[in-house]
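Just so you know, the sequence shown maps onto residues 55 to 467 in the numbering used here. The beta-carbon is built from N, C-alpha and C at its ideal position, and this holds for glycine as well. Below you'll find the structure, written out as C-alpha cells, and then a few comments.
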Amino acid sequence: MNILIKNIKSLAGIRDASVRLLKGKELSDLPFIENAFLHITSGKISAFGKMDELSAYLEGNQSSINETIDASGRLVLPCYCDSHTHLVFADTRENEFIYKIQGLTYEAIAAKGGGILNSAKKLRDMPEELLLEKAMKRIEEIISYGTGAVEIKSGYGLSYEAELKMLRVIKKLKSIAAIPVKASFLGAHAIPVEYKDNREGYLQLLINRLLPEIAAEGLADYCDVFCDKGFFTPEETDRILSAGWKYGLKPKIHANQLAISGGVQAGVRNNAVSVDHLESMGQEEIDCLKNSTTIPTMLPSAAFFLRMPYPPARQMIEAGLPVTLATDYNPGSSPSGRMGFVVSLACIQMKMTPEEAINAASLNGAAAMELSDLTGSITVGKKANVIITKPVNSITNIPYSFGNDVIERVLIR
Ligand code: NIG
Ligand code: FE
Numbered sequence: 055m056n057i058l059i060k061n062i063k064s065l066a067g068i069r070d071a072s073v074r075l076l077k078g079k080e081l082s083d084l085p086f087i088e089n090a091f092l093h094i095t096s097g098k099i100s101a102f103g104k105m106d107e108l109s110a111y112l113e114g115n116q117s118s119i120n121e122t123i124d125a126s127g128r129l130v131l132p133c134y135c136d137s138h139t140h141l142v143f144a145d146t147r148e149n150e151f152i153y154k155i156q157g158l159t160y161e162a163i164a165a166k167g168g169g170i171l172n173s174a175k176k177l178r179d180m181p182e183e184l185l186l187e188k189a190m191k192r193i194e195e196i197i198s199y200g201t202g203a204v205e206i207k208s209g210y211g212l213s214y215e216a217e218l219k220m221l222r223v224i225k226k227l228k229s230i231a232a233i234p235v236k237a238s239f240l241g242a243h244a245i246p247v248e249y250k251d252n253r254e255g256y257l258q259l260l261i262n263r264l265l266p267e268i269a270a271e272g273l274a275d276y277c278d279v280f281c282d283k284g285f286f287t288p289e290e291t292d293r294i295l296s297a298g299w300k301y302g303l304k305p306k307i308h309a310n311q312l313a314i315s316g317g318v319q320a321g322v323r324n325n326a327v328s329v330d331h332l333e334s335m336g337q338e339e340i341d342c343l344k345n346s347t348t349i350p351t352m353l354p355s356a357a358f359f360l361r362m363p364y365p366p367a368r369q370m371i372e373a374g375l376p377v378t379l380a381t382d383y384n385p386g387s388s389p390s391g392r393m394g395f396v397v398s399l400a401c402i403q404m405k406m407t408p409e410e411a412i413n414a415a416s417l418n419g420a421a422a423m424e425l426s427d428l429t430g431s432i433t434v435g436k437k438a439n440v441i442i443t444k445p446v447n448s449i450t451n452i453p454y455s456f457g458n459d460v461i462e463r464v465l466i467r
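In C-alpha cells:
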C-alpha cells in the first residue's frame, strides 16, 4: 500500500532515528511540521515534509499512490505504544467494582479470594481458542483507540498448564495481530490457592519447571514479578529475575503500587528494562532510578480506578528520568485500554504537559518494549502506525477532550 497524507495541519512526533528515549526536560519537546505531508510505502514511513515541498518530492518519486488522504485541519501523530497490559483474560470482574464502591481496598478484595485469583479461576477453565478470540477483539479495540504496539503479560494462569496456555495465546497474537506484540511471563503475579501454605513450592514451579519450558518454546520476551506488599518480596523477586536472566528473559516488573516495597530497587539491581506502577515513591526510589537504565512506567488509569495516589510524575521528570505511560489494561485495576485517557490523566492528575504525556505514551513506550527502532515516532523507515485526529485546534485538544474520541482514523502499516 502506498498512501499519501496531505495538508496535515500539524505532523507531530518527528524524530531522528537516533533518538530512542526521552529523559527529563527532553520530554517537553514534541517536534512538529505545520502544513505537512506524509508518504507511506509498503507499510513504512518513506518521506515527510512541508506541503510546499510536495510537488518537487513527487516529481522525483515514481511510485504510484493508491490512496490520498486529505488531513486538512487534522493532526497526524505516531500511534501510542502501550508497554504494560494484561489483555489476555477470561472475563471482567464487575462484582469487585461494587466492593470497591463499598470501600474495600484492592488488598482486601484479594484477601477475600477476589482479585488476581478470581481471574485465574476463570482463565483455567477457558479453552485456548476462546481466550485467543477474546484477546484478539481487545487488540482490535485498542488499535481503534490509537495503540500501535503492545506488551501483554501472563499471570492469570498461576499453574504450569494455565501459564503456558496464556503464553501460547500471546505467541499466537504475535503472529496474527496487525501491531507488534511483546510477551512477559508473570507467573509471580500471586500465590495460587494450591500453594497458599507452600510459597517455596510455587517459586520452584516458576523457576525449575515453567522458565525452562517457556524458554524452550520461545514464549516470552520478559520476566515480570509483582514485587509488592502482600505479593512477592524483594528477595523472592531477585531469585525469579536472576533465573529469568539465565534464559535470556529481561525483567520488566510491577513495583511500588501498594507500598514502598523495595520493588524499584529490586528492578534496578536486576537491570530491569522497566519498573511499572510507582504509586508509592520516595526520594530514595527516585535517586535509585537516576543511576540506572531502568525506565519508570506509570499506569495512571489503575490509580484512578483503585482511587489510589498518582505517581509523582513531576518529581521524576525534574530528576531527569525517562518517564513512560501505559494503560495496565486488565479486569481488576484498569478495565480500559485507552491510551488517550491515560494521556488525559497524566495531564490532569499528574500535571504533565500535553507534549510530555504524548512523548511518554509513544516513543518512551516503544523504548519500554525495546521497539524504538520500529515505532514510536515519525521517522523515515519506521512502521507507518499513525493516528489521524478529527479537526482540532491544537495538540492540547487530545488530553483536554478526556474520554472523547478525537481520533478519526488509525493507520496500521
Ligand atoms: O497491574 N498489580 C498487579 N496486577 C495488575 C492487576 C491485576 C488484577 O487485579 O487482576 C495491575 O494492576
Ligand atoms: Fe499490571
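By the 16-neighbour rule on beta-carbons within 10 angstroms, L184 is exposed.
Using a Cβ distance threshold of 7 angstroms, I432 and I163 do not count as a contacting pair.
A direct Cα-Cα distance of roughly 9 angstroms separates S208 from L141. Taking the C-beta atoms as reference points, C135 is found nearer than 7 angstroms to A420.
Looking at the backbone, the Cα of T95 and that of M55 are separated by about 6 angstroms. Annotation for D124: the continuous beta strand (DSSP E) segment containing it runs E121 to D124. For R178 against G211, the beta-carbon gap comes to about 7 angstroms, under 8 angstroms, which counts as contact. A distance below 8 angstroms between beta-carbons, with the five flanking residues on each side excluded, links N451 to the following residues of its chain, in chain order: T443 and V460.
Distance from the CA atom of E215 to the CA atom of A309, rounded to whole angstroms, is 26 angstroms.
Close CB contacts of A438 within its chain, under the 7 angstroms cut and outside five residues either way in sequence, are with I94, G97, K98, I99, L465 and R467 (chain order).
Per the DSSP secondary-structure output, D136 pairs in a beta bridge with V204.
A residue is called buried once 16 or more other Cβ atoms fall within 10 Å of its Cβ, and D278 is buried on that count. By the C-beta density criterion, E150 is buried, having at least 16 other C-beta atoms within 10 angstroms. Between the stretch 189 to 196 and the stretch 220 to 238, the count of C-beta pairs closer than 8 angstroms reaches three or more; the two stretches touch.
The straight-line gap separating the alpha-carbon atoms of P366 and E333 is approximately 7 angstroms.
Per DSSP, the continuous alpha helix (DSSP H) segment holding K154 begins and ends at E148 to I155.
Every beta strand (DSSP E) stretch that sits fully inside the stretch 204 to 275 and reaches 3 residues is listed by chain position as 235 to 242.
Taking the Cβ of N384 as the reference point, at least one heavy atom of the ligand NIG falls within a distance shorter than 6 angstroms.
The Cβ atoms of I261 and A320 do not sit closer than 7 angstroms to each other. Within its own chain, the residues whose Cβ lies closer than 7 angstroms to the Cβ of T122, once the five positions on either side in sequence are excluded, are L58 and K60, listed in chain order.
For A297, the uninterrupted alpha helix (DSSP H) segment begins and ends at P288 to K300.
It is roughly 34 angstroms from the alpha-carbon of Y249 to the alpha-carbon of L379. By the neighbour-count criterion, in which 16 or more other beta carbons inside 10 Å mark a residue as buried, V434 falls on the exposed side. In this structure, DSSP gives Y383 an extended state, which the three-state scheme calls strand. Collapsing the DSSP output to three states places V446 in coil.
Taking 6 angstroms as the cut-off, one finds no heavy atom of the ligand NIG near enough to the beta carbon of A422.
Boundaries of the beta strand (DSSP E) around E462: I461 to L465. In the three-state reduction of the DSSP assignment, M190 falls in the helix class. Relative to the ligand NIG, the beta carbon of F280 is positioned inside 6 angstroms of a heavy atom. The beta-bridge partner set that DSSP reports for S388 consists of N384.
A Cβ-Cβ separation of about 15 angstroms leaves G394 out of contact with T139 under the 8 angstroms criterion. Fewer than three pairs of CB atoms, one per stretch, sit closer than 8 angstroms, so the stretch 406 to 415 makes no contact with the stretch 382 to 389.
Distances taken from the Cβ of Q369 to the heavy atoms of the ligand NIG include none shorter than 6 angstroms.
The beta carbon of K104 is closer than 7 angstroms to those of I87, N89 and A90 in its chain, skipping five residues each way along the sequence. Contact between C281 and S315 holds: CB atoms are separated by about 6 angstroms, below the 8 angstroms threshold. Judged by DSSP in its simplified three-state form, V142 adopts coil rather than helix or strand.
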